[in-house]
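All remarks here apply to the structure that follows.
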């Protein structure tokens with residue numbers, strides 16, 4: 003009987019300790035990895051690339067326990083420069099020469115981050131966290147253009163709400179997936195290669 007009381011007390015102390023690990027507002031940094039197969043599809047053609055974050059609100063969402071404390075999750079730093087470098091590296095592996103976007107260029111790729119949304123819902127025993135990303139692309143060559151939106155959802159379950167490291171991983175996984183889908187879209191790449 004005493005061992006059960008001690009075990010119950012330890013569980014209560016641990017759960018209070020976990021809840022007591024104070025959640026702080028989270029400021030995430032976006033730096034996605036983009037994996038593409040190395041191919042010479044572009045044949046050295048020059049593309050002007052522009053990346054923009056068109057989200058009106060830099061807040062992704064909130065995490066925590068709605069019965070106790072919720073904290074904001076934000077991406078304050080403009081992710082465009084980091085994403086530009088990653089997209090440039092990927093397109094170079096596909097055989098393109100990448101330059102910063104200019105209206106006078108024949109071939110352009112305009113990528114917009116339209117949505118990044120994080121939701122963490124408390125279930126009876128776990129926290130179910132989901133991140134949604136929407137990335138839009140506009141590819142153009144001298145004779146044609148191609149538009150498409152790429153949507154990704156990533157999910158994670160855990161005993162506690164996600165901390166900054168977990169949220170950062172979720173965001174970068176979703177953005178990476180959206181950009182990999184974008185750069186493996188045959189019609190988009192063909193438009194740039196023509």
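In my numbering, the protein residues as written are 3 to 196.
Cβ atoms here follow ideal geometry from the backbone N, Cα and C, with glycine treated the same way.
Best match in the options for proximity to residue i [C-alpha to C-alpha]
i, options, result
"residue 142", "104, 45, 154", "104"
"residue 165", "109, 178, 63, 118", "63"
"residue 116", "152, 167, 195, 194", "152"
"residue 192", "110, 119, 127", "110"
"residue 60", "126, 93, 79", "79"
"residue 118", "87, 81, 86", "81"
"residue 147", "196, 71, 54", "196"
"residue 182", "71, 167, 93", "93"
"residue 71", "39, 124, 54, 106", "124"
Beta-carbon proximity of residue i to residue j, cut-off 9 Å
i, j, result
"residue 102", "residue 50", "yes"
"residue 129", "residue 47", "no"
"residue 136", "residue 95", "no"
"residue 185", "residue 155", "no"
"residue 139", "residue 150", "yes"
"residue 44", "residue 194", "yes"
"residue 56", "residue 121", "no"
"residue 169", "residue 100", "no"
"residue 52", "residue 108", "no"
Buried or exposed (CB count within 10 angstroms, at least 16 for buried), residue i
i, result
"residue 131", "buried"
"residue 163", "buried"
"residue 22", "Any reading at residue 22 is ruled out, since the residue's pLDDT is 43, under 50, leaving its predicted position unreliable."
"residue 90", "buried"
"residue 145", "exposed"
"residue 160", "exposed"
"residue 173", "buried"
"residue 58", "exposed"
"residue 19", "Note that residue 19 scores 42 on pLDDT, short of 50, meaning its location in the model is unreliable and no value can be drawn from it."
"residue 68", "exposed"
"residue 127", "exposed"
"residue 88", "buried"
Cross-strand partners of residue i (DSSP beta bridge)
i, result
"residue 190", "None; residue 190 has no bridge partner."
"residue 179", "Looking at the DSSP assignment, residue 179 forms no beta bridge with any residue, so it has no partner."
"residue 33", "For residue 33, which the question treats as bridged, DSSP gives no partner whatsoever."
"residue 64", "74, 121"
"residue 129", "124, 160"
"residue 98", "Beta-bridge pairing links residue 98 to no other residue."
"residue 150", "139"
"residue 111", "51, 141"
"residue 28", "75"
Please determine if the stretch 28-45 and the stretch 69-78 are in contact, where contact requires at least 3 C-beta pairs separated by less than 8 Å.
yes
Evaluate contact between the stretch 175-191 and the stretch 35-52, counting only Cβ atoms and requiring at least three cross-stretch pairs below 8 Å.
yes
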